[in-house]
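Read top to bottom, the protein sequences are chains U and D.
Our numbering puts the first residue of the first sequence at 1, with every later residue one more than the last.
Our numbering puts the first residue of the second sequence at 249, with every later residue one more than the last.
Number of protein chains: 2
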Amino acid sequence: MSDPVTAALLVIGDELLSGRTKDKNIGYIAEYLTAIGIDLREVRVVPDIEGEIVAAIQALKGRYAYLFTTGGIGPTHDDITADCVAKACGVTIDIDPRAVAMLRERYAEGDLNEARLRMARIPAGADLIENPISKAPGFRIGNVIVMAGVPSIMQAMLDNVAPTLRTGVKMQVVTLDAGGLPEGLYGTALGEVAKAHPGVSIGSYPSFSQGNFRNQIVLRARDATILAAAEADVMALLARLRSDSVPI
Amino acid sequence: MSDPVTAALLVIGDELLSGRTKDKNIGYIAEYLTAIGIDLREVRVVPDIEGEIVAAIQALKGRYAYLFTTGGIGPTHDDITADCVAKACGVTIDIDPRAVAMLRERYAEGDLNEARLRMARIPAGADLIENPISKAPGFRIGNVIVMAGVPSIMQAMLDNVAPTLRTGVKMQVVTLDAGGLPEGLYGTALGEVAKAHPGVSIGSYPSFSQGNFRNQIVLRARDATILAAAEADVMALLARLRSDSVPI
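Right, here's the structure in full:
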């Protein structure tokens with residue numbers, strides 16, 4: 001079985017740290033990468049400060065197969081992601097004629113002013129990622145994939161870049177409803193099942209609404225056989241506890 | 249003026265990185281801390297892996313005035329946050345009689361089994377944070393504040409711990425609607441305004457819906473006078489551009 005393909009996500013923007021904007025990209029990208037067989041292993045959110053962005057890119061791009069970034073590639077002075085990526089990758093950055101050609105699909109020659117041309121600044125050696133919505137491209141340089149922060153544009157860019165990515169064997173997932181059993185009743189026994197199936201990641205997830213907890217047990221593995229064995233043990237555990245338990 | 253009080257947030261849980269659960273805590277905590285005068289400077293999301301959690305706690309607690317964590321303090325085997333915090337802080341961890349007393353408010357003596365007692369494992373020297381919903385407490389040790397992942401419980405814990413925190417001068421915020429002007433038209437001039445007001449953080453935030461961009465310019469500063477001066481310059485800039493611009 002091939003090794004897992006890993007990724008990190010770097011979310012860039014003061015507005016997310018101040019709470020002004022509520023991020024909608026982390027959950028989307030997490031679900032998307034899982035579905036195509038890439039394991040998202042870490043997410044960081046950093047402000048629009050060059051030193052912070054460069055340091056995070058350098059820390060993450062060496063550690064995972066891919067680093068995705070969102071945000072900071074627009075036309076205003078606080079859009080500094082492209083410059084930070086160039087710096088972190090040790091390459092130059094300049095206005096890229098391919099990116100200018102894309103912008104020309106949207107803007108007449110005379111409207112391509114200094115600010116808009118900022119969106120054509122691309123690190124040397126990068127491949128462009130098309131943006132069907134507002135034309136200003138994302139890009140990929142080495143294992144770093146730079147996308148917009150606006151969710152609809154980010155999603156279109158992710159669709160465009162995904163077919164070019166190496167992917168691993170997809171994680172298979174089984175979700176079991178604990179059927180009214182509290183976590184505290186199955187916690188210890190579930191831990192023993194988890195120990196007995198080291199190739200399966202087993203988590204227990206409570207959610208709380210309208211005064212009640214609802215617990216789900218999630219099993220994840222790349223191999224269907226070992227997943228099924230663990231599932232059978234968890235099912236047996238839940239059945240045993242349900243028959244033992246008095247209503248709580 | 250006092251120095252800003254800074255914070256980081258560490259979000260713990262495989263389920264967020266797989267996309268199974270969509271985080272609702274980052275935006276809430278960001279907005280909450282901003283409102284009470286604490287600057288959230290960085291967020292990380294890590295999986296339920298001891299080495300990752302310990303490394304992130306150690307990296308973040310030394311860098312910011314406070315480190316908040318969410319997730320991983322329930323009764324199942326994948327709830328390892330308390331042990332990781334103890335390890336990162338170099339202290340022992342054991343069942344804490346104060347936490348057991350809190351759990352007894354919910355569970356009869358005979359129901360306090362091994363799994364539930366996991367929720368009473370508290371690093372030595374920590375102060376407890378009450379949990380009015382399900383009783384299992386959060387805790388604070390040094391500058392590390394450990395909270396539940398379930399949003400309603402996390403929110404109650406944050407309310408309980410907030411009055412004990414040092415806060416700084418609150419950030420004041422002005423949001424200006426760009427009134428139909430595209431970012432590319434004001435980008436360069438706005439950058440000049442930003443340069444002229446180094447004490448003010450100025451950002452431009454596009455949102456895109458139903459085929460249209462709507463841009464907002466956000467100015468942030470702790471001093472009302474310097475904020476007002478920057479606001480006046482941005483207002484003048486927008487007025488000038490609006491009178492210049494033809495409909496786009």
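Ideal placement from N, C-alpha and C gives every residue a C-beta, glycine not left out.
Please read these numbers as outputs of a predicted model, since none were measured by experiment.
Collapsed DSSP secondary structure at residue i in the structure displayed
| i | result |
| --- | --- |
| Asn273 of chain D | helix |
| Ile370 of chain D | strand |
| Ser243 of chain U | helix |
| Gln420 of chain D | strand |
| Thr412 of chain D | helix |
| Glu512 of chain D | Only positions 249 to 496 of chain D appear in this structure, which leaves residue 512 of chain D out of reach. |
| Pro454 of chain D | strand |
| Ala469 of chain D | strand |
| Ala396 of chain D | coil |
| Ala283 of chain D | helix |
| Asp344 of chain D | coil |
| Ile57 of chain U | helix |
| Ile389 of chain D | strand |
| Thr254 of chain D | strand |
| Thr76 of chain U | coil |
| Ile248 of chain U | Its pLDDT being 41, under 50, Ile248 of chain U is placed unreliably by the model, and the measurement read from it follows with that caveat. Here Ile248 of chain U sits in coil by DSSP. |
| Leu485 of chain D | helix |
| Arg352 of chain D | helix |
| Asp127 of chain U | strand |
| Ile153 of chain U | helix |
| Tyr64 of chain U | coil |
| Asp177 of chain U | strand |
Pick from the options that is closest to residue i, judged by C-alpha positions
| i | options | result |
| --- | --- | --- |
| Glu231 of chain U | U:Ser201, U:Pro206, U:Lys135 | U:Ser201 |
| Ile29 of chain U | U:Gly179, U:Gly211, U:Gln155 | U:Gln155 |
| Ile297 of chain D | D:Asp271, D:Cys332, D:Thr340, D:Asp287 | D:Cys332 |
| Gln458 of chain D | U:Ser204, U:Pro151, U:Val169 | U:Pro151 |
| Ser266 of chain D | U:Asp96, U:Lys170, U:Arg104, U:His197 | U:Lys170 |
| Gly299 of chain D | D:Glu357, D:Asp359, D:Ala384, D:Ala336 | D:Ala336 |
| Thr423 of chain D | D:Met483, D:Asp344, D:Arg490 | D:Met483 |
| His325 of chain D | U:Leu190, U:Ala224, U:Phe208, U:Pro97 | U:Leu190 |
| Ala330 of chain D | D:Thr412, D:Gly275, D:Arg488, D:Arg369 | D:Arg369 |
| Gly320 of chain D | D:Ile393, D:Pro411, D:Asp407 | D:Ile393 |
| Asp471 of chain D | D:Phe456, D:Gly447, D:Arg488, D:Arg490 | D:Gly447 |
C-alpha distance - residue i paired with residue j, whole-angstrom precision
| i | j | result |
| --- | --- | --- |
| Gly142 of chain U | Val409 of chain D | 44 Å |
| Ile133 of chain U | Ile153 of chain U | 6 Å |
| Ala469 of chain D | Thr254 of chain D | 15 Å |
| Asp481 of chain D | Val441 of chain D | 7 Å |
| Tyr280 of chain D | Met395 of chain D | 14 Å |
| Thr318 of chain D | Ile260 of chain D | 6 Å |
| Ala55 of chain U | Ile328 of chain D | 28 Å |
| Ala228 of chain U | Val173 of chain U | 10 Å |
| Met283 of chain U | Gly435 of chain D | Missing from the structure shown is residue 283 of chain U; chain U here goes from 1 to 248 and no further. |
| Met157 of chain U | Asn113 of chain U | 24 Å |
| Thr269 of chain D | Asp492 of chain D | 48 Å |
| Pro47 of chain U | Glu15 of chain U | 8 Å |
| Asp342 of chain D | Ala374 of chain D | 11 Å |
| Ile305 of chain D | Arg289 of chain D | 15 Å |
| Arg352 of chain D | Gly62 of chain U | 48 Å |
| Lys195 of chain U | Asp359 of chain D | 24 Å |
| Leu467 of chain D | Ile284 of chain D | 18 Å |
| Val348 of chain D | Val293 of chain D | 29 Å |
| Leu489 of chain D | Asp407 of chain D | 45 Å |
| Ala86 of chain U | Met102 of chain U | 21 Å |
| Leu308 of chain D | Ala59 of chain U | 14 Å |
| Ala108 of chain U | Asp96 of chain U | 17 Å |
Beta-carbon spacing of residue i, residue j below 8 Å
| i | j | result |
| --- | --- | --- |
| Val43 of chain U | Leu9 of chain U | yes |
| Asn463 of chain D | Leu429 of chain D | yes |
| Ala178 of chain U | Leu237 of chain U | no |
| Pro454 of chain D | Gly90 of chain U | no |
| Arg388 of chain D | Ala313 of chain D | no |
| Asp38 of chain U | Gly203 of chain U | The sequence given here has Ile at residue 38 of chain U, not Asp. It is not a contact, given that the beta carbons lie outside the stated cut-off. |
| Ala260 of chain U | Gly432 of chain D | An answer regarding residue 260 of chain U cannot be provided, because it is not within the stretch 1 to 248 covered by chain U. |
| Pro137 of chain U | Glu130 of chain U | yes |
| Ile217 of chain U | His197 of chain U | no |
| Arg106 of chain U | Leu128 of chain U | no |
| Asp251 of chain D | Gly27 of chain U | no |
key: Residues, ordered as in the chain, of the region 44-69 of chain U that lie near chain C by beta-carbon distance below 8 Å   = In the structure shown, chain C cannot be found, because the protein chains are U and D.
message = If the cut-off is 9 Å on Cβ atoms, which residues from the region 6-20 of chain U count as contacting chain D, listed in chain order?
response = Result list: Leu9, Val11, Gly13, Asp14, Glu15, Leu16, Leu17, Ser18, Gly19, Arg20.
key: Interfacial residues, the region 414-433 of chain D to chain U, with Cβ spacing under 9 Å   = Result list: Met419, Val421, Thr423, Pro430, Glu431, Gly432, Leu433.
query = Going along the region 377-391 of chain D in order, which residues come within less than 8 Å of chain U, judged by CB to CB distance?
reply = Correct list: Ile381, Ser382.
message = To be precise: take each residue of the region 75-91 of chain U, compare its Cβ to all Cβ atoms of chain D, and keep it if any distance is under 7 Å. Which residues remain?
response = Within the region 75-91 of chain U, contact with chain D at the beta-carbon level (separation under 7 Å) is assigned to Pro75, Thr76, His77, Asp78.
request  = Below 8 Å between beta carbons is the criterion; list the residues of the region 475-486 of chain D that meet it against any residue of chain U, in chain order.
outcome  = Contact annotation: in the region 475-486 of chain D, no residue has its CB less than 8 Å from a CB in chain U.
ask   = Which residues, taken in chain order from the region 338-352 of chain D, show a beta carbon closer than 7 Å to some beta carbon of chain U?
value = When CB distances to chain U are screened at a threshold of 7 Å, not a single residue of the region 338-352 of chain D falls below it.
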